[in-house]
Amino acid sequence: GENVEQHPSTLSVQEGDSAVIKCTYSDSASNYFPWYKQELGKRPQLIIDIRSNVGEKKDQRIAVTLNKTAKHFSLHITETQPEDSAVYFCAASIYGNKLVFGAGTILRVKS
Amino acid sequence: GAVVSQHPSWVICKSGTSVKIECRSLDFQATTMFWYRQFPKQSLMLMATSNEGSKATYEQGVEKDKFLINHASLTLSTLTVTSAHPEDSSFYICSARPEQREAFFGQGTRLTVV
Chain H
9 GENVEQHPST LSVQEGDSAV IKCTYSDSAS NYFPWYKQEL GKRPQLIIDI
59 RSNVGEKKDQ RIAVTLNKTA KHFSLHITET QPEDSAVYFC AASIYGNKLV
109 FGAGTILRVK S
Chain X
142 GAVVSQHPSW VICKSGTSVK IECRSLDFQA TTMFWYRQFP KQSLMLMATS
192 NEGSKATYEQ GVEKDKFLIN HASLTLSTLT VTSAHPEDSS FYICSARPEQ
242 REAFFGQGTR LTVV
């Protein structure tokens with residue numbers, strides 16, 4: 009089955025700096041890669057996703073890149089703000105099927 | 142946007158009792174729903190896939206007799222934790238996906254077994 013590894017487990021950045029979180033997946037059949045932000049005690053919220061037919065997607069300060077050959081994808085947050093502090097999870101799936109999550113990254117943005 | 146509602150949001154029960162958690166898709170029909178469990182400071186781990194009108198598909202290591210799943214309608218799936226024990230204390234969360242849309246999550250249920 010699918011296995012998703014996520015790094016780093018914690019990431020501290022200064023406000024205004026960029027943050028990058030990386031994930032690798034094992035199943036070449038996976039074609040959908042969402043990223044979620046979860047605040048303590050809350051449900052995960054989708055922040056961006058990408059399908060395997062594109063290599064990059066951007067939404068304001070957030071971007072995701074996908075390298076199908078290497079089976080890895082990354083989340084990029086630019087101009088970080090204190091409200092970006094949360095736990096971020098990557099996931100992989102065959103679109104519409106179950107999501108397999110990475111272990112999560114605790115992002116702390118210091119002001 | 143699509144809404145998935147989960148109830149209750151938190152529950153405390155005594156060891157040995159059973160607890161039922163409901164997951165509803167409020168504005169779309171969901172033939173499939175997913176149940177996840179999240180322990181503190183850990184990731185979401187899929188427990189089972191709930192299929193409307195048929196048996197749930199459980200992930201390896203998840204006891205189907207302990208975690209009973211019923212998906213009797215296109216908008217409701219229930220997870221019953223039977224004979225709960227303190228080690229079952231966790232955050233249980235469901236998700237469902239409207240056709241051609243991303244997955245949406247319920248607000249989660251914090252279960253504490255005392």
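One line per chain: the protein sequences are H and X, in this order. If you're matching positions, the first sequence starts at 9 in my numbering and goes up one per residue. If you're matching positions, the second sequence starts at 142 in my numbering and goes up one per residue. Note that CB positions come from ideal geometry on N, CA and C, so glycine has one too.
{"Check": "Counting C-beta neighbours from all protein chains within 10 Å, is the total for Phe-245(X) 16 or more, i.e. buried, or is it exposed?", "Outcome": "buried"}
{"Check": "Less than 6 Å between C-beta atoms, sequence neighbours within five positions excluded: which residues of the same chain meet that for Leu-217(X)?", "Outcome": "Arg-165"}
{"Check": "Which residues does DSSP pair with Arg-251(X) in a beta bridge?", "Outcome": "Trp-151(X), Phe-232(X)"}
{"Check": "Do the CB positions of Leu-115(H) and Leu-19(H) come within less than 8 Å of each other?", "Outcome": "yes"}
{"Check": "What three-state label does DSSP hand Glu-47(H) in the structure shown?", "Outcome": "coil"}
{"Check": "Reducing DSSP to helix, strand and coil, say where Pro-227(X) ends up.", "Outcome": "helix"}
{"Check": "Under 7 Å between beta-carbons, which chain X residues line up against Leu-54(H)? List them in chain order, please.", "Outcome": "Glu-243"}
{"Check": "Using only alpha-carbon positions, find the residue among Ser-26(H), Ser-60(H), Tyr-33(H) that is nearest to Tyr-40(H).", "Outcome": "Ser-60(H)"}
{"Check": "Across the stretch 62-80 of chain H and the stretch 159-179 of chain X, are there enough close Cβ pairs to call them in contact, namely three or more that are closer than 8 Å?", "Outcome": "no"}
{"Check": "Could you check the C-alpha separation between Val-95(H) and Lys-196(X) for me, to the nearest Å?", "Outcome": "33 Å"}
{"Check": "Quick check on Pro-42(H): does DSSP put it in helix, strand or coil?", "Outcome": "strand"}
{"Check": "State yes or no: is the beta carbon of Gly-202(X) nearer than 8 Å to at least one beta carbon in chain H?", "Outcome": "no"}
{"Check": "Would you report the Cα separation of Thr-32(H) and Arg-242(X), rounded to the nearest angstrom?", "Outcome": "23 Å"}
{"Check": "Considering only the beta carbon of each residue, do Ser-150(X) and Ala-225(X) sit closer than 8 Å?", "Outcome": "no"}
{"Check": "Indicate whether at least one CB of chain H lies closer than 8 Å to the CB of Gln-248(X).", "Outcome": "yes"}
{"Check": "At least one CB of chain X closer than 8 Å to the CB of Ala-71(H): is that the case?", "Outcome": "no"}
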